[in-house]
Each structure stands twice: as C-alpha cells, then as structure tokens.
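First comes the structure, then the notes that go with it.
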Amino acid sequence: MAKRKFIPYNPKLKEYARELRNNSTQAEIFLWIKLKGKQMYGYDFHRQKPIDNYILDFFCQELMLAIEVDGYSHQFLEIYNKDTIKEKRMNELGVSVLRFTDDQVSKDMQNVIKTIEFFIEEFEKHTPNPSQEGS
179 MAKRKFIPYN
189 PKLKEYAREL
199 RNNSTQAEIF
209 LWIKLKGKQM
219 YGYDFHRQKP
229 IDNYILDFFC
239 QELMLAIEVD
249 GYSHQFLEIY
259 NKDTIKEKRM
269 NELGVSVLRF
279 TDDQVSKDMQ
289 NVIKTIEFFI
299 EEFEKHTPNP
309 SQEGS
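Position in the sequence shown (from 1) plus 178 gives the number in our numbering.
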C-alpha cells in the first residue's frame, strides 16, 4: 500500500474548522451531500480541513485535491488575492484546487460534479494503482 504524503497543518485552526463545519453555507451543504460517504468514485473527502495555515472547504488526501466554494465576497480584490496566495501554497504542497462559486453549486450542480469526476478520471489515468503494481 502506498504511503500517504504528510501534509502539515496548524493545530490552532482545528477549532475554527469545526466552527466552519457547524456553520456551512447552503452551497457547501449541497456539495457535501454529493461528496460525503465516499460517493465520488470511492474517494474520502473531508470538509473544512486544516492544511498548512489554511482551511480548505473540501479535501481528499488520496487525490491531493481541494475543492473551494466561493461566495459573493470572493469577488472583492482583497479576498481574491488571499485566495490566489492560498491556491499557490496548496500547489506548492502538491494539492490541486478546483474552485466553484456558490451560484455554480446551487444552480449547476450537474456540471460541478462532472468537473470533479473529470479530475478524478484524469488522476486515475495518470496515477498507478498500488494494488495493480507488480502484476
């Protein structure tokens, strides 16, 4: 079995992440319903996951995939710049980021899911399956 890559996190963010989980936006709840319980091709997603000095809306360690759901406030330059810095840091850690707006999740869930499925399919094409190595 392949070892999971260790990803650092700031333990001080655990309590805040719990608060965010308990106060999710409607769009986050809608997407969580589709991701939880390994419904997405059997991959285990977590919500409001502390990684490094950030909290990711959704994260799958096996895929090294973060999914961010951006509300209205993310249109403003200051928050947009913070999102850009956060995404750059995730990429440095080997984490890919898919970003959707609240409206996309609420009004076009089918295409949001298709985008996530496409990412997973591409990941599986280019990532050796440990259970099939050496066969």
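Beta carbons are placed, not taken as given, at the ideal position from N, Cα and C, and that holds for glycine.
Looking at C-alpha atoms only, which residue of the options is the closest neighbour of residue i?
i, options, result
"K212", "Y232, M287, P186 and E193", "M287"
"E300", "D235, A205 and L241", "L241"
"M218", "L271, I245 and D281", "I245"
"I298", "D280, F237 and D281", "F237"
"D281", "L191, K227 and L209", "L209"
"R196", "K183, D261, R225 and Y221", "R225"
I need the straight-line Cα distance from residue i to residue j, nearest angstrom please.
i, j, result
"D248", "T293", "16 Å"
"V283", "Y194", "23 Å"
"D230", "P186", "5 Å"
"K285", "Q239", "27 Å"
"V290", "E270", "25 Å"
"I233", "E302", "26 Å"
"F254", "L198", "At F254 the pLDDT is 48, less than 50, meaning the model places this residue with poor confidence and gives no usable figure here."
"S274", "K214", "19 Å"
"L191", "F278", "23 Å"
"N259", "K216", "32 Å"
"D222", "D261", "24 Å"
"F296", "L276", "11 Å"
"P306", "G272", "17 Å"
"I134", "K227", "No information on residue 134 is available, as it lies outside the stretch 179 to 313 that the chain covers here."
"H304", "K183", "17 Å"
Return the bridge partner residues of residue i from the DSSP annotation.
i, result
"R165", "The question about residue 165 has no answer, for the chain in this structure spans 179 to 313."
"Y187", "D230"
"Y221", "M218"
Considering residue i, what are the terminal residues of the beta strand (DSSP E) in which it resides?
i, result
"Q226", "H224 to I229"
"I233", "Y232 to C238"
If you measure from the CB of residue i, is any heavy atom of the ligand PLP nearer than 7 Å?
i, result
"L198", "This structure lacks the ligand PLP; in fact it carries no ligand of any kind."
Between which two residues does the alpha helix (DSSP H) holding residue i run?
i, result
"F296", "M287 to H304"
"L209", "Q204 to L213"
Counting only beta-carbon separations shorter than 8 Å, does residue i have a partner in chain C?
i, result
"D280", "No chain C appears in the structure shown, which is made up of a single protein chain."
Cβ pair count under 8 Å reaching 3, the region 258-266 against the region 187-206: No, they do not touch.
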